[in-house]
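Asks: Okay, handing you the structure first.
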Amino acid sequence: MTLTTDKTADATTEHASAETIHALAAGLEGERHEPVRLAAHGLHLAYDKRTVVHGVDLEVPPGAVTVIVGANGCGKSTLLRGLGRILKPAGGHVELDGRDIARQRPRDVARLLGLLPQQPLAPEGITVADLVARGRHPHQGAFRRHGAGDAEAVAQALALTDTHELAGRRVEELSGGQRQRVWVAMMLAQDPRIMLLDEPTTYLDIAHQVDVLDLLTELNRTRGTTVVMVLHELALAARYADHLVVMHEGRLFRAGPPAEVLDADCVREAFGLEARVVPDPVTGSPLVVPVGRHQRRA
Amino acid sequence: MATTAPSTPAAAHGAGDRPAPARADHRRLALALVLVVLALVAVTVASLAWGARQVDPGEVWRALVDPVAGNNDHSVVRNERVPRTLIGLVAGLALGASGALMQGVTRNPIADPGLLGVNAGASLAVLVAIAGLGISTTSGYVWFAFLGAAVAAVVVYGAAQVGWEGATPVKLALVGAAFTATATSVTTVILLTDRRALNEYRFWQVGSLSNRPLDVLVTLLPFVGVGLLLALASGRVLNALALGDDVARGLGQDVARGRALVVLAVVLLCGSAVSLVGPIAFVGLVVPHLARAVVGPDYRAIVLLSALLGPVLLLVADVVGRVVARPGEIEAGLVVAVVGAPVLVYLVRRSRTVAA
Amino acid sequence: MTAVDTAPPTAAPDDAAARLAAARSGLRVDRRRRRVRTSVVTSVLAVVAVALVVTALMLGDFPLAFRQVVDVLTGGGDDIARLVVVEFRGPRLVLAVLVGVALGVSGALFQSVLANPLASPDIIGVSQGASAAAVAALLLGGLTGLALSASALAGGLAVGLFLYAVAWRGGLAGHRFVLSGIGVAYACASVIGYVLTRSDVQEAQAALLWMTGSVAQADWPLVRLLGSTLAVLLPLVALVARPLQVLLLGDQQARALGLRPELVRAVVLGLGIALACAATAAAGPVAFVAFTAAPVARRLVGDGGLALVPSALVGLVLVLGADVVAQHVLPADMGVPVGVVTGAIGGPYLIWLMATLRARPA
């Protein structure tokens, strides 16, 4: 949160102050959630016959921020898709609220659990308001139209993600960063208790990366929303995670608080990278400083 | 750039998905080519040996190397089977190659060589020749068919090119379909009002290899040759275009020029084929899928293999049509879809792509 | 509103309220604008449709005045005018309307769910299946009238069922459906070609007429049949409209929002096939309507939505307008069927649309 003062450099977009976000998040429809449990038991995930995730057991801490990291191709996005029942397990199962997620009604699941894929697809010509409003789908019946409650949830999602000025714009006209925030807004409009996000900070500049992560943290703190996300940036992962999950070659390599999990050995084995791990000067969380091939003499 | 473009489709396939080194791909392609050439030889022999009239294989051979004037068997082989086999080879080659080009340039797996409106344009022109000018010989149709095909392609490509973003694959496909509908409407009006024209046109329209004089083939051969050269040269362009216009530009490909080149090749090949045998588009639809299933996403290999698979399918259809309906025969254009559709459905069913 | 950081911290709740207010008003404006555009497009199309209906009823061997047509439509009018409107011109007009609506909606469903602008019932074999069955029934079985329509219906539905069987492998994948459909379309075209070349040329011409699509054969029983079929199908379409809209976001996102994408796709395609089959059975495969209606409607509305109602209206205007042209603009003795005109009007219009496109095709 202390970083908010460094963000004046970006003059083109307006950033919300921490207090504004807090006020908005606290005012969101519904009170503090009862945390919902999400867990994977012996989960195998495969594309056709190629197994990508091998028997992962993972208990997502309810009401906390979990970040999954790992090298490219280690199966972290696949694991997230498995948790969000986008992929059917090739073995094992995922439990949501103590029951097998595959046996629950999709609509009921969608009210508890939202997922933002890495490269979502927007129909051509759709406006921001329309797109974000589609996040309300699981809350609407076949015959019930878009109501006042839906409109309010959409307005709050726009305000929270700094996209309230974009409501009438077409999604394809937006910059990459704006588009990414619109997608996050759509998930906020869905208002699930658990949010799964696959690299929600792609395409964002550093200030907006921090904005999105701050926003998710704020939702987590004020409303008890459980957040599970895949991140590439280890420094941000270590700083924002309550619970850090390191994947390696389709298996769960280590899991726990970032300070205990992330050390030079872990980075070497999971990423194949020589690195030093030093305390983050701002938060004290572990900060991975890579030792590149050309800089070893130090 | 010459080295980067061809290697990219494999890379685009996703890390770890296709770790096979290029050498294995080459071996696979070589094996496929050998098999297809063997199949081609086999169907050529079958096309010479089998027909409505039973001719002894030894007699077929003698007819080819040492013909006896006045021998009925020899005259059937030399005057009917040899020409239709040659025409089947050339037309199949043109249809197969142009189908691969068409799917590549529109990036749409449901494109066939007729999609540019080439078949509809040729059909309309032939019908005008029949109904308006009273022409009723196959060699008389040829130039009308060719002209119709060329005009169609120019109109379609031109209309797709002038608007926003130039001739994007979606626009090419839509404009081609629109042109086909328009031309078909005009064709229908003529057919509904001129019964004599319908009577001739319906036989031309189903597509057949029989009764096509060889001199037509000779006149069209240069067009097919140039078209084929262009087609084989287009593989690299299509590989670049397959990655999307932006990436293709980034790889140094002049997108508009590359596309125009491919379209030119399609017109030459498909225009020749439709002039020779009538509008048989299905060969060009199914053959590239077969080729892709065997050799993967490299368009240089797909175009080559499609060009060789085209005549195999067309001749198989022709031979089947001759054998099943003895003593009559069923036109190759009718048999092709019946033989090819199950192949296509099979390929589609086993394809692994999950996305819609 | 630019430098938030210069504002004192106590202003935060105010800022939050201001943002919320901005978001709310932005939503309202956007909603109104989309609604206005959609309703303008819809009303213009509806006005054109009504004008065409009245024109179609006025023109003919026994011309009626505008006043007379309006009188009959509002329940009055003299006996002769009523006879002309209700018995002579009514069936053909209503059939054109129903066929246009069915094909327009069917095309919109196909194109949105298969995410391929070439995917329409004319191309994936449904029309060809119906045609092959009808041509065979006509030329080999000598069937006419409702029996002919029933054969066409059976042929189209058989192709649809076959495509389901082939394309279903733990869910309905769109590309499998489309490609298999094209294969089937060609196979059916072969059957048609075979029958046409093996029959008497006069009969072949009759078959060709049927395959072009025509509403001239309309009578009230046929219209009632098609009307009641649509009365069942169209409400079902309205029911799947919202899930389908979510499906446009892609399978992953749709699943995340609580849909079963395969199921929605299967239901939507089933409805699209049923609509196309019903229309084709009644009037033959009227060329190009299903293919053009949706792209044109979407371009007019331009909000990335399904545009089902505008598609239906565009289909209606196209078929009805084409029939008016066929009956009254072209020489009467030509007896040009409506399908010729839809292709001859729709085709160039779509080409023109593409050539003058200033933004991405919607």
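Here the protein sequences line up with chains A, B and C, keeping their order. To convert, note that position 288 of the first sequence is 288 in this note's numbering; the numbers rise steadily by one, no gaps. Count along the second sequence starting at 1, add 1000, and that's the number in this note's numbering. Count along the third sequence starting at 1, add 2000, and that's the number in this note's numbering. From the three backbone atoms N, C-alpha and C, an ideal C-beta is built for every residue, glycine too. These figures come from a predicted structure and were not determined experimentally.
Indicate whether at least one CB of chain C lies closer than 8 Å to the CB of B/T1219.
Replies: So no, B/T1219 is outside the interface.
Asks: On the three-state DSSP scale, how would you describe B/G1340?
Replies: In the structure shown, B/G1340 sits in a helix (DSSP, three-state: H, G or I).
Asks: Going along the chain, which residues of the region 2253-2265 of chain C sit with their C-beta nearer than 8 Å to a C-beta in chain A?
Replies: The region 2253-2265 of chain C vs chain A, Cβ under 8 Å: Q2253, R2255, A2256, L2257, G2258, L2259, R2260.
Asks: So is A/P200 buried or exposed if we call it buried at 16+ other beta carbons inside 10 Å?
Replies: Under this definition A/P200 is a buried residue.
Asks: Just to confirm my understanding: we take B/L1304, look at its own chain, exclude 5 residues before and 5 after, and list those with CB closer than 7 Å. What are they?
Replies: So the qualifying residues of the chain are L1232.
Asks: Among all the DSSP beta bridges, which residues are the ones paired with A/A46?
Replies: Per DSSP, A/T51.
Asks: Distance, Cα to Cα, C/R2046 vs B/V1170?
Replies: Just to set this straight, residue 2046 of chain C is Ala in the shown sequence, not Arg. So the two alpha carbons sit approximately 30 Å from each other.
Asks: I want to know whether the region 276-290 of chain A touches the region 228-245 of chain A - three or more CB-CB distances under 8 Å.
Replies: The region 276-290 of chain A vs the region 228-245 of chain A: in contact.
Asks: Throw me the rounded Cβ distance for the B/P1311 and B/I1302 pair, which I believe falls under 8 Å.
Replies: 16 Å between Cβ atoms; not a contact.
Asks: Would you mind working out which of A/D100, A/V154, A/V53 sits nearest C/L2021, comparing C-alpha positions?
Replies: Note that residue 2021 of chain C corresponds to Ala in the displayed sequence, not to Leu. Taking only the C-alpha atoms, the option nearest C/A2021 is A/V154.
Asks: Nearest to A/T20 by alpha carbon, out of A/L219, A/C266, A/H243?
Replies: Among A/L219, A/C266, A/H243, the Cα nearest to that of A/T20 belongs to A/L219.
Asks: For the candidate residues B/V1128, B/L1124, B/V1336, whose alpha-carbon lies nearest to that of B/L1281?
Replies: Here residue 1281 of chain B is Ala; the residue named in the question, Leu, does not match the sequence. Checked all of B/V1128, B/L1124, B/V1336; the closest Cα to B/A1281 is B/V1336.
Asks: Can you name the start and end residues of the beta strand (DSSP E) that A/A255 belongs to?
Replies: From DSSP, the beta strand (DSSP E) with A/A255 extends over 251-256.
Asks: Tell me the DSSP bridge mates of A/A40?
Replies: DSSP lists A/L58, A/V94 as partners of A/A40.
Asks: At the 8 Å Cβ level, is A/I86 part of the contact set with chain C, yes or no?
Replies: Cβ-Cβ to chain C under 8 Å: yes for A/I86.
Asks: Find the residues of chain C that neighbour A/E95, judging by a C-beta separation of less than 7 Å, and give them in chain order.
Replies: None at all; the shortest Cβ gap to chain C is about 18 Å.
Asks: In the DSSP assignment, the alpha helix (DSSP H) including C/A2185 goes from what residue to what residue?
Replies: Start and end: 2174-2197.
Asks: Can you give me the C-alpha to C-alpha distance between B/A1129 and B/T1187, rounded to a whole angstrom?
Replies: Spanning the two alpha carbons is a distance of roughly 12 Å.
Asks: CA-CA distance, C/L2209 and C/P2285?
Replies: Computed Cα separation, rounded: 10 Å.
Asks: Roughly how many whole angstroms lie between the Cα atoms of C/Q2205 and C/R2034?
Replies: Between C/Q2205 and C/R2034, the C-alpha separation is close to 48 Å.
Asks: What number of angstroms, rounded off, separates the C-alpha of B/L1344 from the C-alpha of B/L1033?
Replies: So the alpha carbons of these two residues sit roughly 20 Å apart.
Asks: Decide if B/L1031 is buried, meaning its Cβ has at least 16 other Cβ atoms within 10 Å, or exposed.
Replies: Exposed, because fewer than 16 other Cβ atoms sit within 10 Å of the Cβ of B/L1031.
Asks: Short check: CB of C/I2124 to CB of C/A2167, under 8 Å?
Replies: Taking 8 Å as the Cβ cut-off, C/I2124 and C/A2167 do not qualify as a contacting pair.
Asks: Residues of chain B with CB under 7 Å from C/G2205, in chain order?
Replies: Here residue 2205 of chain C turns out to be Gln, not Gly, going by the sequence shown. Correct list: L1192, R1195, L1198.
Asks: Interface residues of chain A around C/R2024 at Cβ under 7 Å?
Replies: In chain order: A155.
Asks: For chain C, is any of its Cβ atoms less than 8 Å away from the one on B/S1185?
Replies: Yes, its Cβ sits closer than 8 Å to a Cβ of chain C.
Asks: Just how far apart, CA to CA, sit A/L115 and A/L244?
Replies: Going by the C-alpha atoms only, they are around 19 Å apart.
Asks: Out of B/A1177, B/S1139, B/R1349, point me to the one whose CA is closest to B/P1213's CA.
Replies: When each option's Cα is compared against that of B/P1213, the closest is B/S1139.
Asks: Quick test of the definition: if touching needs 3 or more C-beta pairs under 8 Å, does the region 193-212 of chain A touch the region 41-54 of chain A?
Replies: No: the two stretches stay apart, fewer than three of their Cβ pairs being nearer than 8 Å.
Asks: Which residues in chain C sit within 8 Å of B/G1333, going by Cβ to Cβ distance?
Replies: Ordered by position in chain C, the residues that pass the 8 Å Cβ test against B/G1333 are S2190, G2193.
Asks: Who are the neighbours of A/R179 on chain C, taking C-beta pairs under 9 Å?
Replies: None at all; the shortest Cβ gap to chain C is about 13 Å.
Asks: Since C/L2257 contacts C/V2246 with CB under 8 Å, what's their CB separation in whole angstroms?
Replies: Rounded, the Cβ-Cβ distance is 6 Å, consistent with contact.
Asks: In chain order, what residues of the same chain have a beta carbon less than 8 Å from the beta carbon of A/V321, not counting five sequence neighbours either side?
Replies: Residue 321 of chain A lies beyond the range of chain A shown here (1 to 298); nothing can be said about it.
Asks: Rounded to the nearest angstrom, how far is the Cβ of A/R37 from that of A/P62, given a contact under 8 Å?
Replies: The pair is a contact, with the Cβ atoms about 5 Å apart (cut-off 8 Å).
Asks: Please list the partners that A/L197 has in chain C, where partner means a Cβ-to-Cβ separation under 8 Å.
Replies: Simply none; closest approach about 11 Å.
Asks: Under a Cβ-count criterion, where at least 16 other Cβ atoms within 10 Å of its own Cβ denotes burial, should C/P2066 be classed as buried or exposed?
Replies: Rather than Pro, the amino acid found at residue 2066 of chain C in this sequence is Phe. When all chains shown are included, C/F2066 counts as exposed.
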